[in-house]
């Protein structure tokens with residue numbers, strides 16, 4: 059029984075022997091820490107959850123029942139050994155007949171064979187039941203998550219959602235693959251060993267049971283403290299790892315700002331916290347086995363003393379007495395083990411229940427936007443888009459679009475301009491029905507987007523986002539993401555259209571080059587070009603470019619601009635761009651402010667009006683806003699700083715440890 | 026310097042001599058805690074001793090206190106009461122002592138293991154923080170993280186289980202074997218034959234399970250990747266209607282995970298009952314053979330009991346032997362991977378006794394500088410230029426022309442391959458590193474923010490800055506207004522890598538950060554023009570504040586910067602192909618003119634067409 063340290067959930071209940079040392083996923087342990095301390099444990103029994111669980115178990119009812127039966131057989135076979143030992147000894151002591159010994163040994167051998175078979179069956183059946191159930195559950199959660207719409211993801215953080223699918227299901231896995239059967243087996247075992255001991259000698263049995271309350275009380279005390287201690291080690295190691303990860307990623311900044319020694323101090327502090335936490339936990343985990351053993355010894359001593367007393371006063375037959383003492387010496391271990399186990403499993407069940415609760419919470423979140431029952435596929439369209447008196451609220455009562463009317467002709471390119479929060483992305487999101495309009499309607503070629511299937515809708519509308527998210531896989535895989543039916547040639551053609559062909563060919567394996575995590579081996583411009591190719595591979599009639607060129611350098615932007623010009627030909631397009639130079643040539647510019655259309659028209663028309671757009675355009679290159687603070691005063695402060703620390707001042711040497719605030723994520727007691 | 030990358034070779038098995046060397050080195054990390062280890066060793070001996078004492082005492086109690094006599098043909102059992110009491114007390118006493126020493130043994134094993142892990146983590150962290158950019162350019166973060174977490178964990182478990190627990194098992198095993206041999210060698214040999222089968226079998230199973238567990242881990246990682254990508258890229262998934270596709274991807278990974286987990290379970294399902302059975306078989310043999318011997322009078326009841334109890338206490342440790350033994354090669358592999366990091370030497374080393382010039386000015390000179398990762402393909406070749414204090418130098422060139430490398434040589438993030446870089450007339454290699462980097466601040470293109478408050482992020486390079494100073498820097502960086510509108514203002518928590526801030530905001534935070542450093546030289550690496558008009562303007566303003574009185578290098582295709590530059594260096598394939606002022610270069614033609622035509626002319630025409638009157642205002646009011 060080793061303490062498994064941080065990140066290894068439930069480690070203290072696993073045995074050194076047999077198994078229990080399966081790998082634990084590293085990604086499961088670190089992400090879930092944000093969930094905090096309190097939600098970690100639920101109530102032991104929650105009928106609603108058990109019913110939900112029942113639905114997953116139902117298809118496996120038969121093997122499960124078989125496993126329980128095997129479990130019961132095992133419990134009987136395992137514990138009956140004590141009785142056999144007793145009978146054997148008693149027989150041997152009383153009349154010293156050899157033939158009986160052979161018989162007994164034979165019985166014993168049979169029992170051993172039966173327990174072997176039943177234990178094998180039990181484990182085999184559980185392996186067959188547990189893993190498919192978990193896979194089903196993981197798959198269900200994942201598929202459900204994929205069905206949920208933007209609104210859900212706007213709320214939650216990816217990390218927190220991740221932990222539901224990973225660590226929460228993981229906890230359930232522990233419960234399902236080992237926990238439940240262990241508990242059932244323990245209960246069976248406990249009942250049978252108690253029966254056996256009572257049968258052998260009820261008085262001695264009661265004496266040994268007397269130690270039980272001490273065991274239960276001390277175990278309960280221990281497990282309460284251990285639970286907390288181990289939780290702390292998990293939080294601590296997560297903090298260590300995330301600090302390491304962050305400072306590793308930011309190492310260039312660290313070095314350029316001379317933070318090495320200060321960071322080393324901080325890291326040491328967190329590392330040290332983890333050390334102290336693990337030592338505390340180690341103290342507890344080291345204590346439990348000795349405690350149980352001492353109690354077992356106590357019980358054994360009691361049995362010997364009581365047996366001796368009863369032998370002396372003649373109330374116990376000699377042969378039976380000696381045999382009983384020996385049988386009890388073996389049996390007492392088999393009586394304590396399940397009790398200890400049950401106390402440990404109690405904690406795991408609580409965790410599993412909390413995990414199940416969170417898993418089902420995800421499954422119970424209903425998607426707000428689903429295809430209507432009578433939804434039809436969007437037929438081939440020309441690309442006419444119409445916003446008819448559209449209002450949108452993300453949160454009840456907070457409007458982001460106000461009675462918006464907009465009509466875009468097939469083939470027209472429209473640019474949306476406005477400050478953050480003006481409603482640009484909200485408009486484009488409605489075209490693909492990522493959100494449901496609060497009032498009004500969005501129509502494509504006269505079809506209300508709510509009346510068509512989403513699958514057919516997104517097929518006709520291509521989207522390129524600011525962050526060109528690429529998936530792991532090859533370059534080709536990523537281009538093909540836009541249209542799984544496309545051939546390799548079509549995908550390459552799409553790349554050629556956006557002008558990405560040339561440098562892709564130069565990659566080590568050309569189109570089959572594997573992308574590193576988050577495509578770090580490509581520049582952001584290259585990533586964006588792949589995203590472009592991906593978007594046009596399905597040959598959409600409507601194209602949405604949401605800040606598509608925002609993050610690329612100006613050379614790449616020039617490249618992308620050429621690609622855009624080619625790509626937009628013949629398609630209806632919505633372009634959102636901060637950089638006004640990129641949209642000067644579009645057919646129509648729509649200027650938005652606070653969810654309303656302020657002005658619209660071509661670049662020249664809008665400049666002529668000399669309104670909001672003209673102002674924005676000028677600001678690009680001009681300095682017209684007054685400085686709203688006393689620059690000299692600010693500079694003086696920094697000059698003083700130079701004096702304070704000495705003109706050549708050594709940084710950080712005498713620095714105070716922290717600037718206060720939420721220092722390194724340690725605020726957790 | 027070898028790159029730390031996903032290298033399958035580093036997972037392969039080591040040859041035995043290498044293993045021994047590595048394990049020796051791992052153990053050297055435990056050496057400082059020799060006191061703890063010594064006490065652990067003593068505790069191992071006493072625990073094993075007291076563990077064997079209990080069955081021994083029981084034997085004694087049964088054989089001495091309970092005497093069986095044949096009187097008139099009847100078996101008469103006589104009990105010596107006080108002996109029973111003594112035996113009972115001794116039993117409890119032995120158990121308490123065993124419990125106590127077992128506690129000490131387990132706790133100290135954990136203590137030493139965790140402390141070594143702590144030391145290793147600190148060593149790895151410090152090494153990583155001080156290794157030059159050259160190392161980090163070639164290293165995969167994920168791989169390093171695996172080494173710093175999983176491999177350290179393996180070493181910890183090795184010290185705890187492979188070291189302490191294995192020793193305990195050996196001591197206990199040898200001790201009981203000797204006693205059993207002394208009492209009844211025939212039975213002892215029979216029983217131990219079975220025990221050995223269990224031990225060997227457990228090693229065999231542990232070896233078989235390892236690749237399966239590696240697969241399980243791998244498939245879990247894969248599942249995690251699919252999940253992570255699908256969730257982070259949910260907008261892309263939705264935009265292309267790929268929910269089902271992702272579901273299938275996930276399903277495949279989940280199936281693999283299920284298969285391999287199932288395989289692992291199956292190995293266990295076969296093995297665990299077998300082990301239990303073998304253990305029980307030992308008991309059967311003991312009863313059958315031992316019972317005969319008792320009847321024959323060669324073996325006492327107490328001895329039989331002792332044998333049975335020995336078998337019970339040996340069960341678990343023997344079953345774990347295989348697993349513990351397997352820790353050794355695992356730890357060796359992990360050790361190699363950890364030492365690969367710890368043995369990295371940064372090529373950027375501070376020269377002992379180096380002193381910084383008294384009052385730094387920011388005079389920077391490149392003298393025939395070459396730089397190469399790999400001698401066959403130089404990144405920079407013969408770079409020569411001089412930047413006087415207060416000058417503005419603009420670097421221009423296509424992607425991959427070496428612009429960023431040039432500026433990274435100034436704060437000595439890399440060392441030159443040939444030639445020299447001097448700062449105030451002193452070779453940067455002769456500067457104390459910390460001093461040099463204090464004088465040079467970089468605003469990087471991809472701004473990295475840390476998970477801390479805004480205040481801490483701004484004061485990142487100067488943890489001792491006062492609130493007033495932080496605010497002043499933020500004001501000059503034109504980010505104060507934005508910050509003061511946030512609910513928590515300067516105490517606002519910056520989430521994962523500043524995801525909740527826009528590119529322009531992050532850039533201005535970085536500028537504030539650089540301002541607080543109060544450097545003599547400033548590098549502004551920004552080929553993005555990722556921001557909207559208003560932000561662009563604010564960044565220009567912030568830059569102006571930052572540049573005042575400092576030698577500044579700008580890598581940005583901004584017409585404004587180029588026009589104001591005292592010197593423009595045009596780079597192509599690691600060489601300076603053109604240099605001079607904007608107007609001169611424009612007349613020269615060449616690469617500068619090309620880039621100008623492609624990217625900059627647009628800005629020019631925009632300015633002249635729409636903004637002529639404003640230009641004058643700006644020029645007048647900007648000072």
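Chains as they are written, first to last, in the numbering used here: chain A, 59 to 727; chain B, 26 to 648. Quick reminder that beta carbons are idealized off the backbone N, C-alpha and C, glycines included. The structure displayed is predicted, hence computed values, not measured ones.
- A direct Cα-to-Cα measurement between residue 628 of chain A and residue 608 of chain B gives close to 42 angstroms.
- When the beta-carbon positions are compared, residue 152 of chain B and residue 72 of chain B stay at least 8 angstroms from each other.
- Under DSSP, residue 445 of chain A takes part in a beta bridge, and its partners are A:464 and A:500.
- Secondary structure in the segment 416-442 of chain B: the alpha helix (DSSP H) runs of 4 residues or longer, each lying completely within the stretch, are 428-434 in chain order.
- Under the three-state reduction of DSSP, residue 467 of chain B is assigned to strand.
- Chain B places a beta carbon closer than 8 angstroms to that of residue 190 of chain A, counting this residue as a contact.
- Within its own chain, the residues whose Cβ lies closer than 7 angstroms to the Cβ of residue 499 of chain B, once the five positions on either side in sequence are excluded, are 483, 505, 508 and 537, listed in chain order.
- Membership of residue 487 of chain B in any beta strand (DSSP E) is not indicated, and neither H nor E is assigned to it by DSSP.
- Under the DSSP assignment, residue 567 of chain A falls outside any alpha helix (DSSP H); it carries neither an H nor an E label.
- By alpha-carbon distance to residue 155 of chain B, the top candidate from A:162, A:311 and A:524 is A:311.
- Residues of the segment 344-377 of chain B that bring their beta carbon within less than 7 angstroms of a beta carbon in chain A comprise 344, 345 and 348, in sequence order.
- At a C-beta separation below 8 angstroms, residue 356 of chain A has these neighbours in chain B: 117 and 120.
- Between the beta-carbon of residue 475 of chain A and that of residue 648 of chain A there is about 7 angstroms, and that keeps the pair under the 8 angstroms contact cut.
- With 16 or more other Cβ atoms from the protein chains shown falling within 10 Å of its own Cβ, residue 490 of chain A counts as buried.
- Judged by DSSP in its simplified three-state form, residue 493 of chain A adopts coil rather than helix or strand.
- Beta-bridge annotation (DSSP): residue 412 of chain B is paired with B:389.
- Sequence-distant Cβ neighbours of residue 185 of chain B in its own chain, meaning closer than 7 angstroms and more than five residues away, are 134, 135 and 138.
- Taking a C-beta cut-off of 7 angstroms against chain B, the contacting residues of the segment 524-547 of chain A are 527, 529, 530, 539, 540 and 542, listed in chain order.
- Against chain B, the beta carbon of residue 256 of chain A has no neighbour under 7 angstroms; the closest one sits roughly 22 angstroms away.
- Note on geometry: alpha-carbon atoms of residue 351 of chain B and residue 46 of chain B lie some 17 angstroms from one another.
- Here residue 203 of chain A is not near residue 191 of chain A, since their CB atoms are 8 angstroms or more apart.
- If you ignore the 5 residues before and after residue 133 of chain A, its C-beta comes within less than 7 angstroms of the C-beta of 243, 246, 247 and 250, all in its own chain and listed in chain order.
- In terms of Cα proximity to residue 588 of chain B, the closest of B:385, B:188, B:57 and B:606 is B:606.
- Residues of chain B with a Cβ closer than 7 angstroms to the Cβ of residue 651 of chain A do not exist, since the nearest Cβ in that chain sits about 13 angstroms away.
- Restricting attention to beta strand (DSSP E) runs no shorter than 3 residues, the segment 59-143 of chain B encloses them at 91-96 and 99-104, ordered along the chain.
- Annotation: Cβ neighbours of residue 109 of chain B in chain A (cutoff 9 angstroms, chain order): 362, 363, 365, 366, 367, 369 and 370.
- When DSSP reads this structure, residue 549 of chain B sits in a beta bridge with B:468 and B:579.
- Between the alpha carbons of residue 508 of chain A and residue 521 of chain A lies a distance of about 19 angstroms.
- By the CB criterion at 8 angstroms, residue 381 of chain A and residue 114 of chain A fall outside the cutoff.
- Sequence-distant partners of residue 665 of chain A (beyond 5 residues in either direction) whose C-beta falls short of 8 angstroms from its own C-beta, in its chain, are 671, 672 and 675.
- Under a criterion of Cβ atoms nearer than 8 angstroms, the residues of chain B adjacent to residue 490 of chain A are, in order, 263 and 264.
- Counting every other CB atom within 10 Å of its CB across the protein chains shown gives residue 63 of chain B a total below 16, marking it as exposed.
- Rounded to whole angstroms, the separation of the alpha carbons of residue 454 of chain A and residue 544 of chain A is 42 angstroms.
- Nearest neighbour of residue 120 of chain A by Cα position, chosen from A:139, A:516, A:291 and A:180, turns out to be A:180.
- Interface residue (Cβ-Cβ distance to chain B less than 8 angstroms): residue 242 of chain A is not classified as such.
- At a C-beta separation below 8 angstroms, residue 671 of chain A has no neighbours in chain B, since its nearest C-beta there lies roughly 11 angstroms away.
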